[in-house]
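>
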Amino acid sequence: MKNTSKMVTLSMMAALAYIFMFVSKMLNLVFIPSLSFLSYDPKDIVITIAGFIYGPMSALAVSVVVAAVELVTVSTTGIIGFLMNVLSTGGFTCTAAYIYKANRTKKGANISLACAVLMLTVLMCLWNIIVTPAFMKVPRSIVISMLLPGFIPFNILKGTLNAAFILILYKPVVGAIRKAGLLEASASDASQESNSSVLQSSLVLGLVLAVIVILILMLIN
């Protein structure tokens, strides 16, 4: 019964993550006008919540499934885009889920998501340095010159926004899943600190990082 409930829940969350991705593509939410190919994608919110509930392997599984469905439906970047999606989303969600699994508290949630933002930024820097030059057929030096004005602030802002939304939505989503009879209460959940404290600290962190990113963009432009 537990395995069935888990599969149903993860399937629903994979579908919801795909809808989030699809809507964001239609809206084309761009943070940096000069780099219009970097658009905001909120699917990591849903997948990380799945990882917080069921662990990092579940987060990875949902990441792969959503990336695969995106590949055969709306993606225009083929297998390279699929691999980038798995690396980006998997890096963020699995890092957050792994750390939170070991420390299911307010502090653990904040640390896990801060590390996830860092992991996302580092992985995407490495991806762009190694893969993007060949994929876009441009010199590596040009891609490296775009790291600070483009890729780094974009991934920091994207990761921070997703982290803030995760902390806002995690409790309501878990509560809804429990009311649907798909998830049982656990002792670790009962010992967690209040969600309001988590939300306050996450919003402060998000605002600080957002201001830093905006200032960097203003100085560059």
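Using our numbering, read the sequence shown as starting at -16 and increasing by one per residue. All C-beta atoms in this analysis are idealised placements derived from N, C-alpha and C, irrespective of residue type, glycine included.
Is DSSP giving residue 13 helix, strand or coil here?
Looking at residue 13 - three-state DSSP - the assignment turns out to be strand.
> What number of angstroms, rounded off, separates the C-alpha of residue 141 from the C-alpha of residue 157?
Rounded to the nearest angstrom, the two C-alpha atoms are 23 Å apart.
> So the candidates are 129, -2, -9 and 82; which of them puts its Cα closest to the Cα of residue 35?
Nearest of 129, -2, -9 and 82 to residue 35, Cα basis: 82.
> Could you spell out the range, first to last residue, of the alpha helix (DSSP H) harbouring residue 145?
Taken as a continuous stretch (DSSP letters only), the alpha helix (DSSP H) holding residue 145 covers 135 to 162.
> With 16 as the cutoff for other CB atoms within 10 Å, does residue -6 come out buried or exposed?
Counting Cβ neighbours within 10 Å, residue -6 comes out exposed, since fewer than 16 surround it.
> Here's a check: name, in chain order, each residue in its chain whose Cβ is nearer than 7 Å to the Cβ of residue 45, leaving out the five neighbours to either side.
Closer than 7 Å at Cβ, skipping near neighbours: -7, -4, -3, 0, 30 and 33.
> So if DSSP puts residue 124 in a beta bridge, which residue, or which two residues, is it bridged to?
None; residue 124 has no bridge partner.
> Does residue 155 have its Cβ less than 9 Å from a Cβ in chain B?
In the displayed structure, chain B is absent; only one protein chain is listed.
> Three Cβ pairs or more, each shorter than 8 Å: is that satisfied between the segment 40 to 55 and the segment 11 to 18?
The segment 40 to 55 vs the segment 11 to 18: no contact.
> Tell me which same chain residues have a C-beta within less than 7 Å of the C-beta of residue -9, skipping the five on either side of it?
The answer, listed in chain order, is 165.
> Using the Cβ count rule (16 or more neighbours within 10 Å means buried), how would you classify residue 17?
With fewer than 16 other Cβ atoms within 10 Å, it is exposed.
> Can you give me the Cβ contacts of residue 135 inside the same chain, cut-off strictly under 7 Å, excluding the 5 residues immediately before and after it?
Taken in chain order, the residues that qualify are 104 and 108.
> Given a cut-off of 9 Å, decide if residue 116 and residue 123 are closer than it, judged by their beta-carbon atoms.
Yes.
> Identify, in the order they occur along the chain, each residue of the same chain with its Cβ nearer than 6 Å to the Cβ of residue 64, setting aside the five sequence neighbours on each side.
The answer, listed in chain order, is 58.
> Using only the alpha-carbon positions, how far apart do residue 145 and residue 40 sit?
The alpha-carbon atoms of residue 145 and residue 40 are separated by roughly 20 Å.
> Give, in chain order, every unbroken run of the alpha helix (DSSP H) that is at least 4 residues long and sits entirely within the segment 22 to 102.
Segments of the alpha helix (DSSP H) lying fully in the segment 22 to 102: 26 to 37, 39 to 56 and 61 to 85.
> Could you give the DSSP three-state label for residue 165: helix, strand or coil?
Here residue 165 sits in coil by DSSP.
> Is residue 95 near the ligand ADP, judged by its Cβ being under 8 Å from some heavy atom?
With respect to small molecules bound, the structure shown includes none, and the ligand ADP cannot be examined in it.
> State the DSSP-derived secondary structure class of residue 7, mapped to helix, strand or coil.
Three-state result, residue 7: helix.
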